[in-house]
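Enquirer: Letter by letter, the sequence shown follows residues 347 to 531 of the numbering used here. Just so it is clear, CB atoms sit at the ideal spot from N, CA and C, and this is done for glycine as well.
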Amino acid sequence: MAATRFSKVSFDRWLYSLNNVIFMFRLIDVFIRKQIYFLENLNRWVCNLHSSLVSDGQSNHLNLFNSRPQPKKKRKSRTAFTNHQIFELEKRFLYQKYLSPADRDEIASSLGLSNAQVITWFQNRRAKLKRDMEELKKDVESAKVLSAHKSFLENVTDLGILKKKAMSIGASEEAATNLVVNASK
């Protein structure tokens, strides 16, 4: 069985739809990050309220979110990129995986980001692309194995049919011989 060949047009359409799906997942990811940011701020607000009530001697058991210790070193919170920033970064990434310093400065200034944010975004996106490509290779390999198994099973089935045909042809010749022998007696 010959392998199915894709035309460049169908591959481009597939790649375009894959990029659209990836873009939608990134939008969902941004939405979830914003929700997490909101909940973390709410947690800080409740903890601050609780500590102010405790210091006033009015502990109302608002210890809901205070189960984990607060970190000692203040870490910069995750940047939630806007949809426009993600769209522009993804668009640039489609045709340029690595940026020169001049390109990086231009993108950072046009999108209102720092150079470090652009560098980090492109590093993370290249890593994600590598993971996606490895997963795609695994899918292609498993499809090849399935195709090989299917063609093997078809060949085995074809051999079984040929054996049955040979047996039925042999049986019909034997029956014809018996008829001729019986007719001559």
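Determine the closest residue to ILE382 out of THR466, THR425, ALA454, with distance taken between C-alpha atoms.
Expert: In the sequence shown, residue 382 corresponds to position 36, counting from 1. Ranking the options by Cα distance to ILE382, first place goes to THR425.
Enquirer: Since LEU445 and PHE427 are thought to touch, with beta carbons under 8 Å apart, how far apart are those beta carbons, to the nearest angstrom?
Expert: As a first step, residue 445 must be located in the sequence shown, where it is residue number 99. As a first step, residue 427 must be located in the sequence shown, where it is residue number 81. The pair is not a contact, with the Cβ atoms about 16 Å apart (cut-off 8 Å).
Enquirer: With a cut-off of 8 Å on the beta carbons, I'd call GLU436 and PHE369 a contact; round off their distance for me.
Expert: Taking the first residue of the sequence shown as position 1, residue 436 is located at position 90. Taking the first residue of the sequence shown as position 1, residue 369 is located at position 23. Rounded, the Cβ-Cβ distance is 6 Å, consistent with contact.
Enquirer: In its own chain, which residues sit with a C-beta less than 7 Å from the C-beta of ARG477, not counting the 5 before and 5 after it?
Expert: Numbered from 1 along the sequence shown, position 131 holds the residue referred to as residue 477. If we look at ARG477 and ignore the five residues flanking it on each side, it has no Cβ neighbours.
Enquirer: Going by the CB atoms, is the gap between ILE432 and ARG372 shorter than 8 Å?
Expert: For the purposes of this step, residue 372 is identified with residue 26 of the sequence shown, where counting begins at 1. For the purposes of this step, residue 432 is identified with residue 86 of the sequence shown, where counting begins at 1. Yes; because the gap between Cβ atoms is below 8 Å, this pair is in contact.
Enquirer: Taking the alpha carbon of TYR362 as the point to measure from, which residue in LEU440, CYS393, SER423 has its own alpha carbon closest?
Expert: Against the sequence shown, residue 362 aligns to sequence position 16. When each option's Cα is compared against that of TYR362, the closest is LEU440.
Enquirer: Could you give the DSSP three-state label for TYR362: helix, strand or coil?
Expert: Looking up residue 362 in the sequence shown gives position 16. Three-state DSSP puts TYR362 in a helix.
Enquirer: Along the chain, where does the alpha helix (DSSP H) containing SER456 start, and where does it finish?
Expert: In the sequence shown, residue 456 corresponds to position 110, counting from 1. Looking at the DSSP string, the run of the alpha helix (DSSP H) that includes SER456 is 447-457.
Enquirer: Based on Cα-Cα distance, which residue from LYS380, ARG472, ARG379, GLN463 lies nearest to LYS443?
Expert: As a first step, residue 443 is located in the sequence shown; it is residue number 97 there, counting from the start. Per the Cα distances, ARG472.
Enquirer: Reducing DSSP to helix, strand and coil, say where ALA426 ends up.
Expert: The sequence position of residue 426 within the sequence shown is 80, counting from 1. Looking at ALA426 - three-state DSSP - the assignment turns out to be coil, as it is neither helix nor strand.
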